[in-house]
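Residues 55 to 175 (the working numbering) are what the sequence shown spells out, left to right.
Every residue, glycine too, gets a C-beta built ideally from N, C-alpha and C.
These notes concern the structure reproduced below.
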Amino acid sequence: MGEQYVCKSFEFKDGERRIIRIGDDEIGVFRHEGDFFAYSNYCVHQGGPACEGLIIARVEERLRPDKTSMGLFFSEKDMSFACPWHGYEYDMRTGQHIADRRVRLRKYQVLQKGEDIYVVV
Ligand code: FES
């Protein structure tokens, strides 16, 4: 196990991502609400660049107390990113597919040492 340098934390603004290459592998690193997340850039569907598509707030249905729908809204707390090939959507915090939690991208640990950001590989 080793550590792959990503960049300085001040170079990595909230809401941004980096794609890093390690040999033949690619890892997508995200910064969201101050936290860092890293996942394999190979989509579990057909190997597309899973971390390179849209970063979007999750769409959720809100219900009234009687369980009737108030409609669809963008989540105020849950973000996801979508594979640009066919739209598989992954939870930003877990890497799980949002419709089937059993499906997930490989997750990597992210370390911050002072100003330096690393992915553990
Ligand atoms: S390869 Fe990612 S959704 Fe199909």
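What are the start and end residues of each continuous beta strand (DSSP E) run of 3 or more residues lying completely inside the stretch 107-161, in chain order?
109-117, 123-136, 143-145
Is there a Cβ of chain D sitting closer than 8 Å to that of Y96, yes or no?
Included in the structure is just one protein chain, with no chain D present.
What I want to know is whether the C-beta of Y142 ends up closer than 7 Å to one or more non-hydrogen atoms of the ligand FES.
In the sequence shown, counting from the first residue as 1, residue 142 sits at position 88. Yes, since a heavy atom of the ligand FES falls inside the 7 Å radius drawn around the Cβ of Y142.
Give me the DSSP bridge partner(s) of Q163.
Position 109 of the sequence shown, counting from 1, holds the residue named residue 163. None, per the DSSP bridge assignment.
Count the other C-beta atoms from every protein chain shown that fall within 10 angstroms of the C-beta of H140, then say buried if there are 16 or more, exposed otherwise.
If you number the sequence shown from 1, residue 140 lands on position 86. Exposed is the call here.
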